[in-house]
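**Q** I'd like to ask you about the structure that follows.
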Amino acid sequence: MRIPATILVLCLIVATTGCGGDDDDTAAAPLTTGGDSVETPVAVDSSTPADAASAWSWPDDIVIAMAHIGQQEFEPAQSIVDAYRAAHPDDPAGTFCAGLILHKQKQYADALPLLEDGWMPGRNDGALHFIGWCRYYLGDLNGAIEAFDAHLDVDQFAVDSLYGSGIAILEKGEPLVARLRFQDAINRDKRKHGGESSPAVAKAYLRLGEMDLADGQYDQAIDNLTQCLLLDERLVPAYFALSQVYARTGDEDQAEHYRAQYEAMQAQRESTGGIQP
Amino acid sequence: MKSRGIMLIMCFTLIACSDQRDADVEPGNQPTTNASPVAAVDDNDVTPFVLTDVTEASGLQFTMTSGRMPSTQILEVKGGGIGLIDYDNDGDLDVFVPNGATLDDPTNGPGCRLFENEGDLTFRDASVDAGITLRRWAIGVTVADVDNDGFDDLYVTCYGPNALLRNTGDGRFEDVTDSAGVGHPGWSTASSFGDIDADGDLDLYVVNYLEFDVNAPPPKTTFLGTEVFAGPRGLPGASDALYRNRGDGTFEDITAPSGVADVPPSYGLGAIMLDFDRDGRTDIYVGNDSMRNFLFTAQDDGTFRDVGGISGIGSDGGGANQATMGIAIADVDGNGLPDVLTTNFASDTNTLHLNADGRFFDDGTKRYGLGMISRPYLGWACGLYDFDHDGDEDVLILNGHVYPHASMSLMNSDYLQPPLLFERESNRFVRVLPDDARPWLDARHCDRGAAFGDLDGDGDIDVVVTELNGPIRVLRNDGASGAWLMIEPEQPLGCEITVTVGETMLRRWIVSGTSFLSSSEQAAHVAWRTGEDQVRIDVTWPDGETATMHDVSANQRVRVSRPGQSARGR
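Sequences listed follow chains A and B, in order. Residue numbers for the first sequence follow our numbering, beginning at 367 and rising by one. Residue numbers for the second sequence follow our numbering, beginning at 21 and rising by one.
What follows is the structure, encoded as C-alpha cells:
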C-alpha cells in the first residue's frame, strides 16, 4: 500500500510530539480521538530536545505502521510491528509503536507498559502524552500528571499535554489550578501558532465553559463554549453545555436551539458506556 | 460494631410538636421513641470501615441462581437484588432473596427465600413457614407496606409476571398479584413505591428492561473485538408502568394517562420516587441502561413530564448517555436537596448529579473525586451512608463485569472486581484502600445487589451483598464509632428527615429503589462526633405533614408517628 507523504510526515510528528484530544470524554461524531487526532498537524518546535536527536530516524517499517495507525488500519499496522519486533526485539521504536496501536484502540492497560518501555527520551517524547492518557484512563491521576508534565518539560508548546494535565488536575479536585492550565494551553497555542489551532485548545475552551456553568458564570460560559465550537464544531458536549446555560438563564429559544443540535449529534455519537457498542 | 457498649436505659423528655396541614395531633399520636439507647463506641476502640464477613456464622448461607456460569445471554447477567424487611415486626431486619432460575426453565427455579433474623445476627430459613413459594425467575424486590396495615409487604420483579406478596401479619405472605392488578408481564428489573397523589397510600412504579425470549435468543455480537451475547442495544426496549394504589387492595394502571409513557421504550434498571424539587409532589427518577435517564416531575394536574434531558440529570455532564445500574441518594453538597449518585458501565465513570435548585443538576463527579477512579469498574449496587459515624456519608459501590471473559487487556476491566469504598473528607470522596484490617476491600467478586441496614441493632450500617450465581455475603460493620440515631417514621417512604446537631443539619431521605434491585432498611441513619448528646429531629412526609422532636438523646432508634394519623383515618 502506498502511503501519502503528508501522512508519513504527520505520523512522525505525532510520534515525537504527541497529539491533541486523546480524551474520549469529549468525543464528537465522527470521533476526534483515534485516527483523526493522529492526522492533527502539530509542528515540531525547533527548540525542543527532539531536535537534538535529529541524527536518529524512525525505521521505515515503523513509519509505514504509523501511517496505518493514522488511518485506523490496526491489523496491518500490527502485522508490521509484530514482524519488526521479532527482528528487532530490543528496539524501543517497535515497542512504542505496538503501544500506540493498543492506545488507539483504547486498550490502555496493555498499551501503557509498551509506551513506557518505548519512550526514548529526546527522540519520541510524544510518548509521554500517550502515557499520560493511558494512566488517566486507568485512574492513575498522579501518574498522568507526571507524564504530561514531563512532556511539557521537554516541549513547552505541548498544549495537548497541558490540557491533559488540566483534566487530571480537575479530576483531583483542584478546579482553580485546572482552570489555569486550560487558560495556559490556550495562551501557549496562540504564541506558538499566532492563532488557536490545536484540537486541545477547543477542548480547553470547552472545559472552561463547563466550569463556568457549574460556577454560575453564565456569560463567561457562553463565551468559552461559543469559542470552543468556532474551533471545533463537532464537540457534542459544547452543544449540551450551551443548552444548559441558556436553559438556566431563561432563554428558552437558545436553549432549544442548542438542545436540538446536541440531540442530533448525540444520536450519531458513539457512546463510551453501555453494555453493547 | 463488635465491641458494643453497654446498653443504657435512658429516660428523656420528649417534646414533640407538629405542623401538619390537615389534622391536629391527638394524644397518643405524638412521635415516640423506643427509649432504649445504646452507648456509642469510643473512638479509640475502632478502626473505621472494617466490615467483617460474618456470613458463615450468621447462617445466611445461600447461593443465588441467575442462569448458569459462564453467562451466555443477557438475561443471566443482571443477577438479583436483596431485601431487608422486618416481616414479623419483632424489631430486627429479616432478609428476602429474590432468586432467579435458568434459561431452560425460567418459570421454575430453586425459588425465592425468606431468612428470619433470630435477633443475634443469625438467620434461619423461614421460607416454608412464611409461605414463600415463588419460583419463577425473580430479579428484584421492594419492601413497602402497600395496604397500610403496619406489616411490610414484598413486590418482586421477575422475568415473567411480577408478584405482590402481602404480609398477612401472622408470619406469612399471600400472593395477591392478580387481585391487586400489578402482575406486569415481561422482564421487570426494579420497582419503587411512593405516594404520587398524596392520598396516604403507596403507588408503584415498575421498571422494565427489554423484550427477550429465552426460546429465541438474539445472535451474538461483538464488543471491543470480542464475541459477546447481545443486548441491550439492538434489542427492543420495554416501557415502564405506573400503578395508582386505590387504597382498597387494588391498583389502577395509569401508565398512559400519567404521562410516563411519553418517552421511548427504555432499558430500565432502577427507579426512585422522591420530591426532587421540594414542591410537595413526588417525582420519579429512572435509571436506564445505555440510554438517557428520565426524571418525571409531577405536574399540577397530577401527570408527569420527563425533564431528564433539560435538567441535566439524564446524562453525564458532557451530555453522554450512560448505562446506569445503581442509584444512591444523599445531600452531598449540603444545599438541602437530594443529589443522585449513579453507577455505570466500565470504561465510563460513575456519576454524581448535584441537585442545584430542584430544576437543574450539575455533574459533580470530577469535583468530588468519583470519576476516573471508577472507570475500570462496572458498578451496580451503591449506598451513601455514614459507615464510620463521623458525620458525613461515605460511598460504597459493588462491582463486577457482565462478560465472563472480561479482562483489563480485552476490555480495560476485569470480570471479578473489588468493591469501591470512598470516605468523605471535606469536599472530596477519597478511596479507602484495602489493608490488613480491611481485607474485604480486596476481595474480588462479580457483585450485583446490596441492601444496607442495621442488621445487628448496634446503630451502624451493615451490608448484605449478592453476587452473580454466588453466595450471599453478610458484612457486619465493626468500624463505626461516634453518636448515632436511627429514625423510623411511620409510613417512611418519601420522608425527609433533618437532624440538627448543634449548628449542623444532617438531612436524609427514605426512598425505595436505591442501590440495585434491592431494598434497604427504611430508616434514616445519622451519626456525628461533635459531642452533642441532644439533637432535634424534623420529619416531613410526602404530603407535607411534619413532626418535630426536640432534645432527642443519641444512640437509639426513634420511631416517629404521623401526628394526623387517626384524624386521617389510617
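Cβ coordinates follow ideal geometry from the N, Cα and C atoms, glycine included.
Could you check how far apart the C-beta atoms of A:Ile435 and A:Lys470 are, in whole angstroms? I think they sit under 8 Å.
**A** Stepping through the first sequence from its first residue, residue 435 of chain A is reached at position 69. Stepping through the first sequence from its first residue, residue 470 of chain A is reached at position 104. Right, the Cβ-Cβ distance comes to about 6 Å (below 8 Å), so this counts as a contact.
**Q** So which residues on chain A does B:Lys386 lean against when the C-beta distance must stay under 8 Å?
**A** Taking the second sequence and counting its residues from 1, the one referred to as residue 386 of chain B is at position 366. Under the 8 Å cutoff, chain A gives Leu536, Glu537, Gly539.
**Q** Look at B:Leu230 and B:Tyr287 and say whether their C-beta atoms are less than 7 Å apart.
**A** Residue numbering aside, residue 230 of chain B sits at position 210 when the second sequence is read from its first letter. Residue numbering aside, residue 287 of chain B sits at position 267 when the second sequence is read from its first letter. The answer is yes: Cβ separation under 7 Å.
**Q** Can you pull the chain B neighbours of A:Ala580, defined as C-beta to C-beta under 7 Å?
**A** Residue mapping note: residue 580 of chain A aligns to position 214 of the first sequence, counting from 1. What A:Ala580 touches in chain B: Asp382.
**Q** Kindly indicate if chain B contains any beta-carbon less than 7 Å away from that of A:Phe603.
**A** On the first sequence, position 237 is the one that residue 603 of chain A refers to. Reading off the sequence shown, one finds Pro at residue 603 of chain A, where the question assumed Phe. Taking Cβ atoms only, chain B reaches closer than 7 Å to A:Pro603, which makes this a yes.
**Q** When the Cα of B:Gly267 is compared with those of B:Pro358, B:Asp169, B:Phe380, which residue comes out closest?
**A** Stepping through the second sequence from its first residue, residue 267 of chain B is reached at position 247. The option with the nearest alpha carbon to B:Gly267 is B:Asp169.
**Q** Quick one: is the Cβ of B:Gly389 within less than 6 Å of any heavy atom of the ligand SAH?
**A** This structure lacks the ligand SAH, and indeed carries no ligand of any kind.
**Q** Who are the neighbours of B:Gly469 on chain A, taking C-beta pairs under 7 Å?
**A** Here residue 469 of chain B corresponds to residue number 449 of the second sequence, with the count starting at 1. Correct list: empty, because the minimum Cβ distance to chain A is about 17 Å.
**Q** Whose C-alpha, out of B:Leu224, B:Ser259, B:Pro277, is nearest the C-alpha of B:Thr270?
**A** The residue labelled residue 270 of chain B in the question sits at position 250 within the second sequence. Checked all of B:Leu224, B:Ser259, B:Pro277; the closest Cα to B:Thr270 is B:Leu224.
**Q** Return the CA-CA distance between B:Phe314 and B:Ile105, expressed in angstroms with no decimal places.
**A** Here the question's residue 314 of chain B lines up with position 294 in the second sequence. Here the question's residue 105 of chain B lines up with position 85 in the second sequence. Their backbone Cα atoms lie some 28 Å apart in a straight line.
**Q** Go ahead and label B:Glu445 buried or exposed: buried means 16 or more other beta carbons lie within 10 angstroms of its beta carbon, across all protein chains shown.
**A** The sequence position of residue 445 of chain B within the second sequence is 425, counting from 1. Looking at its Cβ environment, which holds fewer than 16 other Cβ atoms inside 10 Å, B:Glu445 is exposed.
**Q** Could you say which of B:Glu541, B:Asn128, B:Ala500 lies nearest to B:Asp65 if we only look at CA atoms?
**A** Position 45 of the second sequence holds residue 65 of chain B. When each option's Cα is compared against that of B:Asp65, the closest is B:Ala500.
**Q** Tell me which same chain residues have a C-beta within less than 6 Å of the C-beta of B:Glu487, skipping the five on either side of it?
**A** Residue numbering aside, residue 487 of chain B sits at position 467 when the second sequence is read from its first letter. Correct list, in chain order: His465, Cys466, Asp467.
**Q** For the beta strand (DSSP E) containing B:Thr246, name the first residue and the last one.
**A** Indexing the second sequence from 1 puts residue 246 of chain B at position 226. From DSSP, the beta strand (DSSP E) with B:Thr246 extends over 246-248.
**Q** In angstroms, rounded to a whole number, what distance separates the CA positions of A:Cys463 and A:Leu595?
**A** Within the first sequence, the letter at position 97 stands for residue 463 of chain A. Within the first sequence, the letter at position 229 stands for residue 595 of chain A. Rounded to whole angstroms, A:Cys463 to A:Leu595 spans 32 Å at the Cα level.
**Q** Mind checking who B:Trp529 pairs with in its DSSP beta bridge?
**A** Your numbering for residue 529 of chain B matches position 509 in the second sequence. Note: B:Trp529 sits in a beta bridge opposite B:Glu516.
**Q** Based on the DSSP output, what are the partners of B:Arg301 in its beta bridges?
**A** Start at 1 with the first residue of the second sequence, and residue 301 of chain B comes out as number 281. BP columns for B:Arg301 are empty, so no partner.
**Q** Could you tell me which whole beta strand (DSSP E) segments of length 3 or greater appear in the segment 122-191 of chain B?
**A** Complete beta strand (DSSP E) runs here, min 3: 133-137, 143-145, 158-164, 173-178, 183-187.
**Q** Taking B:Ala210 and B:Gly160 to be in contact with their CB atoms under 8 Å, please state how far apart those CB atoms are, rounded to whole angstroms.
**A** Along the second sequence, read from residue 1 onward, the residue named residue 210 of chain B stands at position 190. Along the second sequence, read from residue 1 onward, the residue named residue 160 of chain B stands at position 140. Confirmed, about 5 Å.
**Q** Tell me whether A:Ala452 sits in a helix, a strand or coil according to DSSP, three-state version.
**A** In the first sequence, the residue the question calls residue 452 of chain A occupies position 86. Reduced to three states, the DSSP call for A:Ala452 is helix.
**Q** Can you give me the Cβ contacts of A:Asp402 inside the same chain, cut-off strictly under 6 Å, excluding the 5 residues immediately before and after it?
**A** In the first sequence, counting from the first residue as 1, residue 402 of chain A sits at position 36. Caution is warranted here: a pLDDT of 24 is assigned to A:Asp402, below 50, making its placement in the model unreliable, and no coordinate value can be reported.
**Q** Below 7 Å between beta carbons: does that hold for A:Gly539 and B:Gly384?
**A** The sequence position of residue 539 of chain A within the first sequence is 173, counting from 1. The sequence position of residue 384 of chain B within the second sequence is 364, counting from 1. Taking 7 Å as the Cβ cut-off, A:Gly539 and B:Gly384 do not qualify as a contacting pair.
**Q** Taking 7 Å as the cut-off, decide whether the C-beta atoms of A:Tyr571 and A:Gln586 are in contact.
**A** Reading the first sequence from its first residue, position 205 is the one you call residue 571 of chain A. Reading the first sequence from its first residue, position 220 is the one you call residue 586 of chain A. No, Cβ-Cβ distance for A:Tyr571 and A:Gln586 is not below 7 Å.
**Q** Check whether the Cβ atoms of B:Phe193 and B:Gly151 lie closer than 7 Å to each other.
**A** For this step, residue 193 of chain B is matched to residue 173 along the second sequence. For this step, residue 151 of chain B is matched to residue 131 along the second sequence. Taking 7 Å as the Cβ cut-off, B:Phe193 and B:Gly151 qualify as a contacting pair.
**Q** Can you tell me where the beta strand (DSSP E) with B:Arg556 in it begins and where it stops?
**A** Residue numbering aside, residue 556 of chain B sits at position 536 when the second sequence is read from its first letter. 554-560 is the extent of the beta strand (DSSP E) around B:Arg556.
**Q** At a CB-CB cut-off below 7 Å, which residues of chain A make contact with B:Met293?
**A** In the second sequence, residue 293 of chain B corresponds to position 273, counting from 1. Going along chain A, no residue has its Cβ under 7 Å from B:Met293, so there is no contact; the nearest lies around 24 Å.
**Q** Please confirm whether B:Val519 and B:Thr550 have their CB atoms less than 7 Å apart.
**A** Here residue 519 of chain B corresponds to residue number 499 of the second sequence, with the count starting at 1. Here residue 550 of chain B corresponds to residue number 530 of the second sequence, with the count starting at 1. The answer is no: Cβ separation not under 7 Å.
**Q** Who are the Cβ neighbours of B:Arg156 in its own chain at under 6 Å, not counting the five residues just before and after it?
**A** Position 136 of the second sequence holds residue 156 of chain B. Here the set comprises Thr127, Cys178, Gly180.
**Q** Taking Cβ to Cβ, would you say B:Ser394 is nearer than 7 Å to B:Thr369?
**A** The sequence position of residue 394 of chain B within the second sequence is 374, counting from 1. The sequence position of residue 369 of chain B within the second sequence is 349, counting from 1. Taking 7 Å as the Cβ cut-off, B:Ser394 and B:Thr369 qualify as a contacting pair.
**Q** List in chain order: all unbroken beta strand (DSSP E) runs of 3+ residues lying wholly within the segment 321-397 of chain B.
**A** Entirely contained in the segment 321-397 of chain B, the beta strand (DSSP E) runs reaching 3 residues are, in chain order, 324-326, 347-350, 359-362, 371-375, 381-383.
**Q** Identify the continuous beta strand (DSSP E) that holds B:Met431 and give its terminal residues.
**A** For the purposes of this step, residue 431 of chain B is identified with residue 411 of the second sequence, where counting begins at 1. Unbroken run through B:Met431 is the alpha helix (DSSP H), 428-431; no beta strand (DSSP E).
**Q** In chain order, what residues of the same chain lie with their CB nearer than 8 Å to the CB of B:Thr142, ignoring the 5 residues before and after it?
**A** If you number the second sequence from 1, residue 142 of chain B lands on position 122. So the qualifying residues of the chain are Ala77, Ser78, Gly79.
**Q** Can you pull out the residues from the segment 315-336 of chain B whose beta carbon lies closer than 9 Å to at least one beta carbon of chain A?
**A** Against chain A - using a Cβ distance shorter than 9 Å - the residues of the segment 315-336 of chain B are Gly329, Ile330, Ser331, Gly332, Ser335, Asp336.
**Q** Can you say whether A:Trp422 is buried or exposed, counting buried as having 16 or more other CB atoms within 10 angstroms of its CB?
**A** Within the first sequence, numbered from 1, the residue matching residue 422 of chain A stands at position 56. Under this definition A:Trp422 is an exposed residue.
**Q** Please classify B:Arg88 as buried or exposed, where buried requires at least 16 other C-beta atoms within 10 Å of its C-beta.
**A** The sequence position of residue 88 of chain B within the second sequence is 68, counting from 1. B:Arg88 comes out exposed.
**Q** Which residues in the same chain as B:Ser199 place their Cβ atom closer than 8 Å to its Cβ, once the five residues preceding and following it in sequence are excluded?
**A** In the second sequence, residue 199 of chain B corresponds to position 179, counting from 1. Excluding positions up to five away in sequence, the list reads Gly269, Thr270.
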